[in-house]
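Here the structure comes first, spelled out in structure tokens, and everything after it is commentary.
Residue numbers (my numbering), protein chains in the order written: chain Z, 296 to 618; chain C, 296 to 618.
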């Protein structure tokens, strides 16, 4: 009996590591999640994922064949198959993740960062199906990006391309975790919009429910809820976030002229609150030849699916090209 | 007797149209130049280039075979083979340039803009030989750019990618010819550095030979000459140009992570005056993971050669890939 090929997609996060078997149409056959245990060495995580994945796959043997493994991880390097000083994992230095996995599986393995994996997920199964030029922006605790040009993921000379979150809005602007000032992600991200609210609360006199929330407790979700109830400060915060993001996305368009930009992640879930001003300001700041050409789209994948589907898409993309 | 394949490279400028026959190693076998006569329709120019090229090629027949035609032209669209409302030619609307050329030659024809052609020229014959990820920046009357990622020219969804000259330095900055404000090319270009001199002459009190030149007469070459003689204002103008250019190039690096950025054209001929501050500020504004990785290089082609070699490289690049 012919078996159906599936890829194992693994998404390594600071808290959870999700994985699942995905066929080439993007159907998840089965999946699971374990604690990453960020303080443990990578070897332990790989061993635990392998044990659990084997258990899951056992009853599927005979019907399905595993054909490759794709991994999305922070600070992953596609060329080297490594993860290098990830910010939210206590792995030391350069970890040869692909090699660790190949210890268990004699199959093609590819790793890349989460935003690139998300971009490949959108290309194979989501909002960018059939597109050759697009950008995925993940708006979460930071701003990640994956750029696809001419149907190819842009990895750059060193495998680290796609750091749009660290393009500079204002060289004398907000302090960024990267050690510089004024990076886009200090404005356009979940923590970024919180910082904007504090600035607005300082600048303006309007009443706002957000005045009774401590900076420590404030979240982007609260800001969205307040904005939906008409809170002036919250609405102004989305307007400002959209202005800054729209301006910098116009710069990105001037680089690779994408057919679409896909916004994804926590802050993108605010829907029209963030899409409307971002689109409006992107058009405002856009060079005339690109105006009204670039779609601003929500993800075509369900939030829960994206990470694992993206990781699986990474290896499916390679296998399907080789075929 | 076996013949040697050559491509016809044509560079259409506002004043002159240069063309030449180039073999696949980048040797120009023979070349020429005619007046563009920008007020005439494109048909006339193509007909005149064809006549002249035929005359040149006549004595070469038997030794050489023509295998394709590449054209560099302002506002050229690679996908459509068109030139669309070029700023310095009085061609009306959308001109199907590739089709006009195919009327004379039953051969592969490709067109692209001058900066993309320059990038392909550098990749095949110049400073980017062997590189897969690099950016060419042309600093002339404007700032043009050609981006190569993973060995492929980035054309984008519409064929107009690579407009780094129109990324925004300051949304309330200098008026740009494109109708917006604060575009990079209003600072980093030959006219841009002149504008910087006028600003500096207004702001500062130091003596400068440039105070006796009318704005109408001032050129980037004069500023370079004054800077080389130690003129404080002229030196400050290069410093400022390098700062703005370096900051925006750091943004470009965050997009495609190139191995090198090649500066080319009139202003780049100022050498260390422009390279030194640009490199220093680019590193200053660079995200840590990219720091000290990206080379800032002069063109590897002679100025006089670039346009025709680039145009020939466009078609050679296609022919060599298909082979």
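We put the beta carbon where it would ideally sit given N, CA and C, even for glycine.
Model, not experiment: these values are computed from the prediction.
DSSP places residue 318 of chain Z in no alpha helix (DSSP H) but in the uninterrupted beta strand (DSSP E) bounded by 311–318. Distance from the CA atom of residue 364 of chain Z to the CA atom of residue 441 of chain Z, rounded to whole angstroms, is 20 Å.
Only exposed fits residue 334 of chain Z, as fewer than 16 other CB atoms lie within 10 angstroms of its CB. If you check the CB distance, residue 486 of chain Z and residue 476 of chain Z do not come in under 8 Å. Only residues of its own chain outside the window of five on either side were considered, and among them 364, 393, 396, 397 have a CB closer than 6 Å to the CB of residue 404 of chain Z, listed in chain order.
Linking residue 513 of chain Z to residue 604 of chain Z through their CA atoms gives a straight-line distance of about 31 Å. Between residue 434 of chain Z and the set Z:610, Z:349, Z:566, Z:299, the nearest pair of CA atoms involves Z:566. Here the alpha carbons of residue 427 of chain Z and residue 547 of chain Z stand approximately 16 Å from one another. Assigned with DSSP and collapsed to three states, residue 455 of chain Z falls in coil, not helix or strand. Out of Z:319, Z:575, Z:480, the CA that lies nearest to the CA of residue 610 of chain Z is found in Z:319. Excluding its 5 nearest sequence neighbours in each direction, residue 543 of chain Z has C-beta neighbours in its own chain below 8 Å: 459, 462, 464, 479, 483, listed in chain order. 8 Å or more divides the Cβ of residue 563 of chain C from the Cβ of residue 367 of chain C.
In this structure residue 317 of chain C is not in contact with residue 297 of chain C, their Cβ atoms being roughly 18 Å apart against a cut-off of 8 Å. For residue 404 of chain Z, the beta-bridge partners assigned by DSSP are Z:364. For residue 449 of chain C, the nearest beta carbon of chain Z is closer than 8 Å to its own beta carbon. Boundaries of the alpha helix (DSSP H) around residue 342 of chain C: 337–352. Under the three-state reduction of DSSP, residue 448 of chain C is assigned to strand. The Cβ of residue 373 of chain Z sits no closer than 8 Å to any Cβ of chain C. The beta carbon of residue 540 of chain Z sits no closer than 8 Å to any beta carbon of chain C. Counting other Cβ atoms within 10 Å of its Cβ, residue 589 of chain Z reaches 16 or more and is therefore classed as buried. In the pairwise beta carbon analysis, the region 377–392 of chain C is classified as touching the region 323–338 of chain C: at least three pairs are separated by under 8 Å.
Three or more beta-carbon pairs separated by less than 8 Å are not found between the region 494–507 of chain C and the region 445–460 of chain C, which leaves the two stretches without contact. Contact between residue 421 of chain C and residue 594 of chain C holds, since their C-beta atoms are separated by about 6 Å, short of 8 Å. Assignment of residue 508 of chain C by DSSP, reduced to helix, strand and coil, places it in the coil class.
In the DSSP secondary-structure assignment, residue 377 of chain C is bridged to C:372. Residue environment analysis places residue 511 of chain Z among the exposed positions, since fewer than 16 neighbouring C-beta atoms fall within 10 angstroms of its C-beta. In this structure, residue 549 of chain C lies away from residue 591 of chain C, with their beta-carbon atoms at least 8 Å apart.
Close to residue 588 of chain Z, with beta-carbon spacing below 7 Å, are these residues of chain C in chain order: 453. Listed as beta-bridge partners of residue 326 of chain C by DSSP are C:315. Sixteen is the threshold: when 16 or more other Cβ atoms of the shown chains lie within 10 Å of the Cβ of residue 535 of chain Z, as they do, the residue is buried. For the region 549–567 of chain Z, the set of positions with a beta-carbon nearer than 9 Å to some beta-carbon of chain C reads 549, 550, 551, 552, 553, 554, 555 in chain order.
A residue is called buried once 16 or more other Cβ atoms fall within 10 Å of its Cβ, and residue 618 of chain Z, having fewer, is exposed. Taking C-alpha positions only, residue 326 of chain C is separated from residue 412 of chain Z by approximately 48 Å. Counting only the Cα atoms, residue 369 of chain C lies some 39 Å from residue 473 of chain Z. Neighbours of residue 466 of chain C in chain Z, taken as residues at a C-beta separation under 7 Å, are given in chain order as 542, 580.
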